[in-house]
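Presented below is the structure to which this report refers.
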Amino acid sequence: MPRSLLTNEDILRKLRFSEEYHHRRCREYFFDHGLLTLPFSLPIPEVRLEQIQDSCNKSTAIYSITPHLEGHTEAYCRDSVNRSNIIFSLYEQWFRDHQSDIDFGNFAAKLIRVEIPSVDTKPTVGDIIKIHEAWCEHVKINLPLCSRKTDSTGTEIDDSSFEFHGCIGINRKQNKYYKLRPLFRALIMIVDHHASSDAEQIVHLFGTGLSSGLSAPITFESISPKLESEKSLGYPNNGLVTTTLSAAMDFVTALELREEKAFPKNQRDPSIIDERGADPGHYTRAARSMGYTGPEIRRTSSTWVKLAEGEDVLPPLTPGVILMKHRLGMTDKAMFARYQSEQRKKYRLGCLG
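Mind the numbering: the sequence shown is residues 2 to 354 in our numbering, read in order.
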């Protein structure tokens, strides 16, 4: 039976949903197999350039402090499950609608693991701030390396628009749109590994003192709930707030909105499309191949979908999300049917990931 013809709106939705799927898979990667791991002792070692770009366009850093974890051990598996829980909760909370900015790696947070020499090592807030400050400086110095190479006259000598440095790679052609945000420098979290596995993740939130570029100082009065911090965690209580991950992200989101309103000129031009190394016009050509007859697609993907009144907004479903929802008892037949339908669409588009 022939397939029904797709409208221009249907085609734009399919393209946007494919972008959302890719975005979530990338976020899952950087919280799992592509996790950035830094040593407790400075200086910062050389890392893949994809970690440099991935630190950009984030609102905060979340630090997980563990000793070295050997693969396939109980501690390793427990840590892996914890990271899966964090990215699942973060994404479900962060993804508000199909107008969410998912271009150029934009997301709420980057997870960074710090390996301590042993379980007896008790880092202080000051130790983590030093590591974070060093990492931000490392990103600042190395971010230009993600651009296309030029000779002394400014002529490009490297014509590759995209280059793999790990599984995700770097967007050489559009590196200038990757920015280390002032809020990322100024505010960080530490994961509380003492939290119960069946309770909401607890985090410790604090300012770093790197407040240059912010519109106003960061204060924590509005955070609720504020929880008691365990002394055994090894962190001093001065300037530190202990709360749930969801409350911390509400706070970070509010700060990000404050900064966007204070500095509207710092926001990216909505006509800039994240091409991820593809040639200009890639999305228009992909749409045309499905029968799209509208104007050239020139604006960011957050403008492609217009929701009908009362239409539900669902975050993208990936295999990891399906497994997590199943583990949490959140699966149903309708969700599996939608997942299978999306997989069939992605197969036809050639973008099944």
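Note that the Cβ used here is the ideal one computed from N, Cα and C, for glycine as well.
CA nearest to the CA of residue i, picked from the options
{"i": "K141", "options": "F41, A255, F185, I224", "result": "F185"}
{"i": "G240", "options": "L246, L50, K227", "result": "K227"}
{"i": "V115", "options": "R149, S42, N107, A288", "result": "S42"}
{"i": "L318", "options": "S272, H34, E93", "result": "E93"}
{"i": "L70", "options": "L146, K15, V120, I169", "result": "V120"}
{"i": "V82", "options": "H34, H205, Q175, P118", "result": "H34"}
{"i": "H99", "options": "I189, E21, F207, E138", "result": "E21"}
{"i": "F31", "options": "A288, I169, E310, T125", "result": "I169"}
{"i": "A249", "options": "A288, L215, F207, R259", "result": "F207"}
{"i": "G321", "options": "I88, S302, A76", "result": "I88"}
{"i": "W136", "options": "H194, L211, R84", "result": "L211"}
{"i": "D275", "options": "I298, A76, A200, S85", "result": "I298"}
{"i": "I63", "options": "F96, S101, P40, I129", "result": "I129"}
{"i": "P44", "options": "E134, N58, Q54, K123", "result": "E134"}
{"i": "E260", "options": "I117, H205, I219, K150", "result": "I219"}
{"i": "C27", "options": "F105, A288, R97, V126", "result": "F105"}
{"i": "T244", "options": "L256, E257, E229, L258", "result": "E229"}
{"i": "Q54", "options": "E75, A109, S148, H205", "result": "S148"}
{"i": "R97", "options": "K326, V314, H327", "result": "V314"}
{"i": "S101", "options": "H73, H205, H24, M190", "result": "H24"}
{"i": "R49", "options": "H139, E29, K131", "result": "H139"}
{"i": "G127", "options": "C78, T74, M190, A109", "result": "M190"}
N-terminal and C-terminal residue of the alpha helix (DSSP H) that residue i is part of
{"i": "I142", "result": "126-143"}
{"i": "L184", "result": "183-187"}
{"i": "L13", "result": "9-32"}
{"i": "P226", "result": "No alpha helix (DSSP H) holds P226; DSSP gives it neither H nor E."}
{"i": "T319", "result": "It is not in any alpha helix (DSSP H) - T319 carries neither H nor E in the DSSP assignment."}
{"i": "E93", "result": "75-95"}
{"i": "A263", "result": "246-263"}
{"i": "A287", "result": "283-290"}
{"i": "Q52", "result": "50-55"}
Cα-Cα separation between residue i and residue j, rounded to whole angstroms
{"i": "P68", "j": "S56", "result": "23 Å"}
{"i": "K180", "j": "Q268", "result": "11 Å"}
{"i": "S65", "j": "N9", "result": "45 Å"}
{"i": "R286", "j": "K111", "result": "33 Å"}
{"i": "Y348", "j": "E51", "result": "Note that Y348 scores a pLDDT of 47, beneath 50, so its modelled location is shaky; the value from the coordinates is reported in the next line. If I take the Cα positions, the gap works out to 27 Å."}
{"i": "F18", "j": "N107", "result": "16 Å"}
{"i": "K177", "j": "K262", "result": "22 Å"}
{"i": "D280", "j": "L36", "result": "29 Å"}
{"i": "T209", "j": "F252", "result": "16 Å"}
{"i": "Q175", "j": "R277", "result": "8 Å"}
{"i": "I113", "j": "S213", "result": "22 Å"}
{"i": "T61", "j": "K15", "result": "30 Å"}
{"i": "I224", "j": "P316", "result": "26 Å"}
{"i": "I273", "j": "R300", "result": "6 Å"}
{"i": "L13", "j": "K307", "result": "10 Å"}
{"i": "S302", "j": "I103", "result": "8 Å"}
{"i": "L324", "j": "G330", "result": "10 Å"}
{"i": "Q1", "j": "D80", "result": "Because the chain here runs from 2 to 354, residue 1 falls outside it and cannot be looked at."}
{"i": "E312", "j": "T304", "result": "16 Å"}
{"i": "S85", "j": "V192", "result": "13 Å"}
{"i": "N143", "j": "S90", "result": "31 Å"}
{"i": "T254", "j": "S247", "result": "10 Å"}
{"i": "K232", "j": "N172", "result": "Because K232 carries a pLDDT of 44, less than 50, the predicted location of this residue cannot be relied on, and no value is offered for it."}
{"i": "K59", "j": "R182", "result": "7 Å"}
{"i": "E47", "j": "E310", "result": "50 Å"}
{"i": "V242", "j": "W95", "result": "21 Å"}
{"i": "L146", "j": "Y284", "result": "27 Å"}
{"i": "S216", "j": "K266", "result": "13 Å"}
{"i": "L1", "j": "P296", "result": "The shown model of the chain, from 2 to 354, leaves out residue 1, and the question about it has no answer."}
{"i": "D270", "j": "F264", "result": "13 Å"}
{"i": "P40", "j": "I117", "result": "7 Å"}
{"i": "A76", "j": "E257", "result": "34 Å"}
{"i": "L200", "j": "H194", "result": "For the sequence presented, residue 200 should be read as Ala rather than Leu. Using only the alpha carbons, I get a separation of about 12 Å."}
{"i": "P124", "j": "H205", "result": "13 Å"}
{"i": "E29", "j": "K326", "result": "15 Å"}
Opening and closing residue of the beta strand (DSSP E) in which residue i lies
{"i": "R114", "result": "108-117"}
{"i": "T38", "result": "37-40"}
Residue(s) in a DSSP beta bridge with residue i
{"i": "F207", "result": "I189, L241"}
{"i": "S303", "result": "Bridge partners of S303: none, in fact."}
{"i": "T1", "result": "Only positions 2 to 354 of the chain appear in this structure, which leaves residue 1 out of reach."}
{"i": "T67", "result": "E116"}
Meets three-Cβ-pair contact criterion under 8 Å: the region 287-306 and the region 6-21: Three or more pairs of CB atoms, one per stretch, sit closer than 8 Å, so the region 287-306 contacts the region 6-21.
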